[in-house]
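In the working numbering, the protein residues as written are 4 to 361. Just so you know, even glycine gets a beta-carbon here, dropped at the ideal spot from N, CA and C.
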């Protein structure tokens, strides 16, 4: 688990169908890759066959949308982008269209701080290559970034006519800032369909969904799913965080898909206002009952940084948010402060970077 939110597993990280307590529930765990990330699903159920069927369903779903919603591959979104970049209309499936429509709504509610229209700039910065980033060439020239930024549209430029998208300006859409959260909501639906009441779904360590809790045994009360948060500077767990049943959590950070040139860190979360990597936050963690909203909000708050934190959480309806500033200071909503105290023995964690990134 190498990304921002490190899951602390119930019965040992790699156990499969292992007995977790004295109840009849057993843990079924599977790991696979999707969305260019490691996925880990843990289900607690009295019938392991039911758990396996649910995981099979989720894995098929993740692989399908991982292909079709990827901006730079050969799936549906890539074909849509090819048409929009040429100024042509693009037909969109009934599966993808609602996602695009919600992206437009999120762009508006975040006042443009979340905008999947940065897709062409993501490619210019070479962040379309997953973790295989070659820093040898350094960042693109500022005038190149500015020209592309000025010539590209926003998802606000999209026009929807039935199942067709048109854009008033050349446009490429990258849904990476929300698709993992959307996938978690799809996983929630499939878990419910299979009658699963206790599960934890982890995509890359940065996007997680907790369903139910840890079932009680004869001598043990039910407990909430518990995760750990990574210090963006040291990559060590600095705080625990408990999830209420049904909550999703998303962490965005400047240490994933990144490289450093001189003293400047360049990472894949771009500011739609400038076309350059964000610089006001090292990481942001958001908890919400809607995993997609948590994913979007963590991205928007990374872009907005400390100055926009209070207004943005209000505008987006976020109760639980934590921002780690570029020098290690923590900024939290009141509800997140209380959650952090409850999860960490009554204390608020601190990061001591001595004013400088480790």
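Query raised in the report: Using the C-alpha atoms, what's the distance from residue 330 back to residue 358?
Result: Walking along the chain shown from the start, residue 358 turns up at place 355. Walking along the chain shown from the start, residue 330 turns up at place 327. For residue 358 and residue 330, the distance between alpha carbons rounds to 5 Å.
Query - Unbroken stretches of the beta strand (DSSP E), 3 residues or longer, contained in the segment 228-268 - result: 228-233, 240-246, 251-256 and 261-264
Query - With 16 other Cβ atoms within 10 Å as the buried cut-off, status of residue 171 - result: Numbered from 1 along the chain shown, position 168 holds the residue referred to as residue 171. Exposed, by the Cβ-count rule.
Requested in this report: Rank 154, 189, 303 and 186 by C-alpha distance to the C-alpha of residue 281 and give the top, closest one.
Outcome: Residue numbering aside, residue 281 sits at position 278 when the chain shown is read from its first letter. Answer by Cα proximity: 303.
Requested in this report: Please go through the same chain and pick out, in chain order, the residues whose beta-carbon is closer than 7 Å to the beta-carbon of residue 341, but skip the five residues on each side of it.
Outcome: Within the chain shown, residue 341 is the residue found at index 338, counting from 1. Cβ within range, chain order: n/a, list empty.
Query raised in the report: Does the Cβ-Cβ distance between residue 48 and residue 69 come in under 8 Å?
Result: For the purposes of this step, residue 48 is taken as the residue at position 45 of the chain shown. For the purposes of this step, residue 69 is taken as the residue at position 66 of the chain shown. In this structure, residue 69 does not lie closer than 8 Å to residue 48 by Cβ.
Query raised in the report: What do you get for residue 351, buried or exposed, if any count of 16 or more other CB atoms within 10 angstroms of its CB means buried?
Result: Indexing the chain shown from 1 puts residue 351 at position 348. Exposed, since its Cβ has fewer than 16 Cβ neighbours within 10 Å.
Query raised in the report: Does the distance from the C-beta atom of residue 270 to that of residue 125 stay below 8 Å?
Result: In the chain shown, the residue the question calls residue 270 occupies position 267. In the chain shown, the residue the question calls residue 125 occupies position 122. In this structure, residue 125 does not lie closer than 8 Å to residue 270 by Cβ.
Requested in this report: Under 8 Å by Cβ, that's how I've got residue 249 and residue 292 pegged, so tell me the actual separation to the nearest angstrom.
Outcome: Start at 1 with the first residue of the chain shown, and residue 249 comes out as number 246. Start at 1 with the first residue of the chain shown, and residue 292 comes out as number 289. Right, the Cβ-Cβ distance comes to about 6 Å (below 8 Å), so this counts as a contact.
Report task. Determine the extent of the beta strand (DSSP E) in which residue 147 is found, giving its start and end residues. Result -> On the chain shown, residue 147 is found 144 positions in, with the first residue counted as 1. Where residue 147 is concerned, there is no enclosing beta strand (DSSP E), although the alpha helix (DSSP H) around it starts and stops at 145-154.
Query raised in the report: How many Å lie between residue 345 and residue 169 at the Cα?
Result: One-based indexing of the chain shown puts residue 345 at position 342. One-based indexing of the chain shown puts residue 169 at position 166. Between residue 345 and residue 169, the C-alpha separation is close to 48 Å.
Query raised in the report: Per DSSP, what kind of secondary structure is residue 24 in: helix, strand or coil?
Result: Within the chain shown, the letter at position 21 stands for residue 24. With a pLDDT of only 43 at residue 24, under the threshold of 50, the placement of this residue in the model should not be trusted; the figure read from the coordinates follows. DSSP places residue 24 in the coil class of the three-state scheme, outside both helix and strand.
Query raised in the report: Nearest CA to the CA of residue 104: which residue from 158, 353 and 35?
Result: As a position in the chain shown, residue 104 is number 101, starting the count at 1. That would be 158, whose Cα lies nearest to the Cα of residue 104.
Requested in this report: Output yes or no for whether 8 Å exceeds the beta carbon distance between residue 3 and residue 84.
Outcome: A question about residue 3 goes unanswered here, because the residues of the chain that appear run from 4 up to 361.
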